[in-house]
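**Q**
Protein chains in written order, with the UniProt record's numbering: chain A, 1 to 465; chain B, 1 to 465.
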């Protein structure tokens, strides 16, 4: 938790931006896994965490703009809770830590909402992704469950996004810490993975590394010899000599800040010539992104720059043919990189994705529907203080290659004979976390092994232990 | 997944038990952590897993008893899903593996439900714990969200519970496997924990041990030097010389079967005399449970037997005074063990707790409201094939002791002067998983270190590495 003034200042700016009505910020409740009392690890809503810093289930913040009052509502603890959960602080004490004096029960909240509604005052809330809160708002605001997310406040959403998009120095320090724990997770895997191991044995080392720092995972760890499958959650394969292992994972600190990094390592310790050749193209793509990163450029331009590097490399290698600009305009290169170059990062790994990419990633503009570009989560102009990932990848996805060949998709730019020599290649990606500074940019965290020689050097430890 | 006939036979028995109408079995969907696309690890509903064995999100099983038809409904995959999630089997193929020929989209399901409703036929479903399914059923059956769990089918619930309560040999083999992975989690901690470590460093080893076997956690790991807090989820303390470390954790295999064990270990490697004395009473309690376990006895009797052992031990040590039977009738002993002796275990760690303890643990009878007994989840008569935990504990909870002393609760049986000599003692528990057999009972899994000398022997490894 930051100091009290931080939260008070954030809420002051929010009040100023929204103006009038009543702001309702819904915290998360516990999320049942297989029955009501067996829950997933509690994850607080990041907007609630941003404005109040309280990591506790079932709370709701209200800012009454018209009467200049602030409240936190929730259920308080009893002696029974102490027996099961240990000494607990009362809601009133927690609220004081973020500068809120008024607390109440959920019945007080519903009474306040009813009164505001009867006075015809606007109740501002943002898009809800937890079904319990959809049910709650449906009851409290007398809306159908499908109407809850149709009546969100755009003013409030933009106000929150504009505040959270720009990371302060104290936030950047926490992102840096999250990135460094994430780095430890990657190094643990690099120093451990060997042919013959199951993917889940490596994932176990990664889990241990996070937990050692009392961190959880900012998303489900991808740890796979089939990197060509972009969101591969399977961990059951055995690593083979000659495989590439793709690891995409991130730490989430107990204060919510997230890391998100990807590395690709040769299971045998050294890249083959063919792997090294494609990996060096991946590094060209990566470096071409860094070369243009700065405030004022749109992230879509950065993405397209990387796509041109990819297309040029594929033309050089005979896998594509034609003019680079025409290739990138057609989207043919997306056969090899169907995803976007990156996304905002903060207290969510895709920061504020719950508000929708259009507002967060595109500042209200429409996103392209072209294959590849439609998966670019961030397209807007970068500003000082924006934090985001850079994560180019190169994949050979047999099912997609077969489909495009059959359908003749972008056939004029693709040399399928050459491409099919890579059908068993798999996929690779490298990802780092960035902040836009006055001077340009900074990659967060200590240096990660990135180039071939750096990765092979760390990998040696797996074989000498 | 078991073989096809297993699922077909389970559903045949279910059809026979319920008779007429239409049975709707809701699978789980993904559960959003911080936005719709960032989900907790998927956990399938265990009843869906029991009857269909398909570990995939967003599915619904229907058994039309009146027309003798069976279906599975859900959304099928597209080529886009292949890019992101890899080669996937179609729902039709998955359904065939459990003997279902008819599959359809969600729109087919809602049409079927509407038709059945308009014909005045009974739609049987059980209690829902996932809020998305509450919303789904509310829409599909035209009920208010609060009405969904008021209209459950008791016939279906009892039919499912009566089937799932009795574990078959193939299920017992899986429970045994889950128990053995759980045992590895405990041994990993015992061989690792040392003074000066953080609790989360030990929890990290436990997480690694589970993941090594491609298992997840059947519930949030308790790993604490404050064992007197029963559901302590804090992992941030540093282990001190002289502490007891209480570890309560379990593996969940990828087919759903769960383990659940607790051990208590001295952080310094050896129990102090005072710790050893109370631990030996804990073992007396444990062994007194085993002495009476068999088909035909109610688990409430076993619990009360253990409570008498506890009370007698506390009288011997001068912490309690009076007649053992009177003490146990009053509930005074529950100051030292406020929880129940155990619970059913299976594909949920508290098996089928989503149906309510009254049906699962008490076969429809009312549960006691006395402090201590009110937390006994299982009270009914044991039958051959029942799987459950045995988990006596002894705790000194400062807040509870202070409250009882102040309020004079059960004062005639309690020697607070002696009790207060244990205010910094903490808590201890030992837990194993059991099955009722024709001959009596069997503790599942390989031998766990349990007695003082066994635990201290394993602990030596932590100090020799």
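No residue lacks a Cβ here, since even glycine has one placed at the ideal position from N, Cα and C.
Just so it is clear, the structure is predicted and the values come from calculations on it, not from any experiment.
Mind checking residue 134(B): buried by the 16 CB within 10 Å criterion, or exposed?
**A** Residue 134(B) is buried by the Cβ-count criterion.
**Q** I'd like the list of long-range same chain contacts for residue 14(A), defined as Cβ closer than 6 Å, with 5 residues on each side in sequence excluded.
**A** Same-chain partners within the cutoff: 159.
**Q** Buried or exposed for residue 118(B), please, with buried defined as at least 16 other CB atoms from any protein chain shown within 10 angstroms of its CB.
**A** Residue 118(B) is exposed by the Cβ-count criterion.
**Q** When the Cα of residue 101(A) is compared with those of 107(A), 195(A) and 8(A), which residue comes out closest?
**A** Comparing Cα positions, the closest option is 8(A).
**Q** Compute the beta-carbon to beta-carbon distance between residue 92(B) and residue 28(B), rounded to the nearest angstrom, for a pair I have assumed lies under 8 Å.
**A** The pair is not a contact, with the Cβ atoms about 21 Å apart (cut-off 8 Å).
**Q** Alpha carbon to alpha carbon, what distance is there between residue 195(A) and residue 419(A)?
**A** So the two alpha carbons sit approximately 27 Å from each other.
**Q** Go through the UniProt domain "Aminopeptidase P N-terminal" (2 to 133) of chain B residue by residue and report every complete run of the alpha helix (DSSP H) that reaches 4 residues or more, in order.
**A** Qualifying alpha helix (DSSP H) stretches, in chain order: 4 to 18, 46 to 52, 79 to 85, 91 to 97 and 106 to 118.
**Q** Could you tell me which uninterrupted alpha helix (DSSP H) segments, each at least 4 residues in length, are contained entirely in the segment 327 to 376 of chain A, listed from first to last along the chain?
**A** Entirely contained in the segment 327 to 376 of chain A, the alpha helix (DSSP H) runs reaching 4 residues are, in chain order, 357 to 360.
**Q** Does DSSP put residue 387(A) in a helix, in a strand, or in coil?
**A** Three-state DSSP puts residue 387(A) in a strand.
**Q** Hey, does residue 261(B) have any beta-carbon neighbour from chain A nearer than 8 Å?
**A** No, its Cβ sits nowhere closer than 8 Å to a Cβ of chain A.
**Q** From the DSSP output, in three-state form, read off residue 217(A) for me.
**A** Note: residue 217(A) maps to strand in three-state DSSP.
**Q** Taking beta-carbon pairs under 8 Å, can you tell me which members of the segment 73 to 88 of chain A lie near chain B?
**A** Under the 8 Å Cβ criterion, the segment 73 to 88 of chain A contributes 79, 82, 83, 84, 85, 86 and 87.
**Q** Need the endpoints of the alpha helix (DSSP H) that residue 164(B) sits in, please.
**A** Unbroken alpha helix (DSSP H) run through residue 164(B): 154 to 165.
**Q** Using the Cβ count rule (16 or more neighbours within 10 Å means buried), how would you classify residue 389(B)?
**A** Under this definition residue 389(B) is a buried residue.
**Q** Note down, in chain order, each residue of its chain lying with its Cβ closer than 7 Å to the Cβ of residue 45(A), except the 5 sequence neighbours on either side.
**A** The answer, listed in chain order, is 26, 27 and 28.
**Q** In the DSSP output, which residue or residues are listed as bridge partners for residue 394(B)?
**A** Per DSSP, 428(B).
**Q** Is the CB of residue 358(A) under 8 Å away from at least one CB in chain B?
**A** Chain B, which has no Cβ nearer than 8 Å to the Cβ of residue 358(A), makes this no.
**Q** Out of curiosity, what's the CA-to-CA distance linking residue 256(B) and residue 70(A)?
**A** Taking the straight line from one Cα to the other gives about 45 Å.
**Q** Relative to the C-alpha of residue 219(B), which candidate in 139(B), 345(B), 337(B) and 393(B) has its C-alpha closest?
**A** Taking only the C-alpha atoms, the option nearest residue 219(B) is 345(B).
**Q** With 7 Å as the limit, tell me which residues of the segment 26 to 42 of chain A have their beta carbon closer than that to any beta carbon of chain B; keep them in chain order.
**A** Listed by position, the residues of the segment 26 to 42 of chain A near chain B (Cβ gap below 7 Å) are 31, 32, 33, 34, 35, 36, 37, 38, 40 and 41.
**Q** I need the straight-line Cα distance from residue 169(A) to residue 94(B), nearest angstrom please.
**A** Distance between the alpha carbons of residue 169(A) and residue 94(B) is about 51 Å.
**Q** Alpha carbon to alpha carbon, what distance is there between residue 210(A) and residue 24(A)?
**A** Whole-angstrom Cα-Cα distance: 34 Å.
**Q** List, in order along the chain, the chain B residues whose C-beta lies closer than 9 Å to that of residue 180(A)?
**A** Here the premise fails: no neighbours, minimum Cβ distance about 17 Å.
**Q** With H, G and I counted as helix, E and B as strand and the rest as coil, what does DSSP make of residue 435(B)?
**A** Residue 435(B): strand per DSSP, three-state reduction.
**Q** What do you reckon, are the CB atoms on residue 79(B) and residue 399(A) nearer than 8 Å?
**A** Yes; because the gap between Cβ atoms is below 8 Å, this pair is in contact.
**Q** Would you kindly work out how many angstroms separate the C-alpha atoms of residue 342(A) and residue 434(A), rounded to a whole number?
**A** Rounded to whole angstroms, residue 342(A) to residue 434(A) spans 10 Å at the Cα level.
**Q** Secondary structure at residue 198(B), three-state DSSP: helix, strand or coil?
**A** Strand at residue 198(B).
**Q** Quick check on this structure: which residue in 303(A), 175(A), 217(A) and 110(A) has the alpha carbon closest to the alpha carbon of residue 377(A)?
**A** Among 303(A), 175(A), 217(A) and 110(A), the Cα nearest to that of residue 377(A) is on 303(A).
**Q** Where does residue 243(B) sit, in a helix, a strand or coil, going by DSSP?
**A** Three-state DSSP puts residue 243(B) in coil, outside helix and strand.
**Q** Comparing C-alpha positions only, which one of 156(A), 179(A), 154(A) and 137(A) sits nearest to residue 147(A)?
**A** Answer by Cα proximity: 137(A).
**Q** Examine the Cβ distances between the segment 438 to 445 of chain A and the segment 283 to 294 of chain A and report whether three or more of them are shorter than 8 Å.
**A** Yes, they touch.
**Q** Taking only three categories from DSSP, how would you classify residue 254(B)?
**A** In this structure, residue 254(B) counts as coil in the three-state DSSP scheme.
**Q** At the 8 Å Cβ level, is residue 114(A) part of the contact set with chain B, yes or no?
**A** With 8 Å as the cut-off, residue 114(A) does not count as an interface residue toward chain B.
**Q** Just curious, the alpha helix (DSSP H) that residue 263(A) is in, first and last residue?
**A** That residue, residue 263(A), is in no alpha helix (DSSP H); its beta strand (DSSP E) goes 261 to 266.
**Q** Tell me whether the beta-carbon of residue 305(B) lies closer than 8 Å to the beta-carbon of residue 288(B).
**A** Contact flag set, yes.
**Q** Could you tell me if residue 467(B) is buried or exposed, where buried requires 16 or more neighbouring beta carbons within 10 angstroms of its beta carbon?
**A** Residue 467(B) lies beyond the range of chain B shown here (1 to 465); nothing can be said about it.
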